[in-house]
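These protein sequences, in sequence, are chains V and H.
For the first sequence, position 51 (counting from the first letter as 1) is numbered 54 according to the working numbering, and the numbering increases by one without interruption.
For the second sequence, position 45 (counting from the first letter as 1) is numbered 48 according to the working numbering, and the numbering increases by one without interruption.
There are 2 protein chains.
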Amino acid sequence: MKNLNMKAARAAKDYSQQQLADIVGVTRQTINAIEKGDYNPTIKLCLAICKALDKTLDELFWED
Amino acid sequence: MKNLNMKAARAAKDYSQQQLADIVGVTRQTINAIEKGDYNPTIKLCLAICKALDKTLDELFWED
DNA sequence: ACTAAATGTCAAATATAAATTACATTTAGT
DNA sequence: ACTAAATGTAATTTATATTTGACATTTAGT
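Okay, here's the thing in structure tokens:
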């Protein structure tokens, strides 16, 4: 399932996938894949993304 | 750094590391390593642990 | 229409999470 | 003290997250 919360939070900061990738220290493809939803990042990367986008883990990565 | 929040939440449910491991579908060593703090689980595993312990991601895995 | 930047996607290589097996130590109960 | 369960930890293997490099498509500006 796509991560639209993350996509929206990135848009709110006006970051490109590449810019967010640079900030958190991964490649653009990794950011793209997480937003696309077909994989399972590590908690450290999730935390880095949360801090870059001023969101919490629950806001960006909780799922029911 | 150790994950004492997780250790406390597991204690509150009176689960052993083995019992929690069985519930979330990993080995006891993986649970032990996460509590010990010397690694970096995937978000799916974190979510499974949260649900097993009735806690949120922020409660168990946020760090400043 | 043309251009450049952003995004989607793929295959192959690398890094590391998680499994497996095994043994040592600690804790709680009798 | 004795025992069994729980926990700590280490080496090796397996599964998968992430990188790298590359190319196609979409989007926004002129």
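Beta carbons: idealized from backbone N, C-alpha and C, even for Gly.
Residue burial classification, residue i (beta-carbon count within 10 angstroms, cutoff 16)
i: H:Met4; result: exposed
i: V:Asn6; result: buried
i: V:Ala11; result: exposed
i: V:Lys58; result: buried
i: H:Ala15; result: exposed
Which of helix, strand or coil DSSP assigns to residue i
i: V:Thr33; result: helix
heavy atom of the ligand SAH below 7 Å from residue i C-beta
i: V:Ala14; result: The ligand SAH is not among the ligands present in this structure, which contains no ligands whatsoever.
C-beta atoms of residue i and residue j nearer than 8 Å
i: H:Asp61; j: V:Asp61; result: yes
i: V:Leu50; j: V:Met9; result: no
i: V:Gln43; j: H:Ile52; result: Before going further, note that residue 43 of chain V is Asn rather than Gln in the sequence given. Cβ distance not < 8 Å, so V:Asn43 and H:Ile52 don't count as in contact.
ask   = In the stretch 56 to 67 of chain H, which residues sit with their C-beta less than 8 Å from some C-beta in chain V, listed in chain order?
value = Thr59, Leu60, Asp61, Phe64, Trp65, Glu66
inquiry  = To be precise: take each residue of the stretch 23 to 56 of chain H, compare its Cβ to all Cβ atoms of chain V, and keep it if any distance is under 7 Å. Which residues remain?
reply    = Asn43, Pro44, Thr45, Ile46, Lys47, Cys49, Leu50
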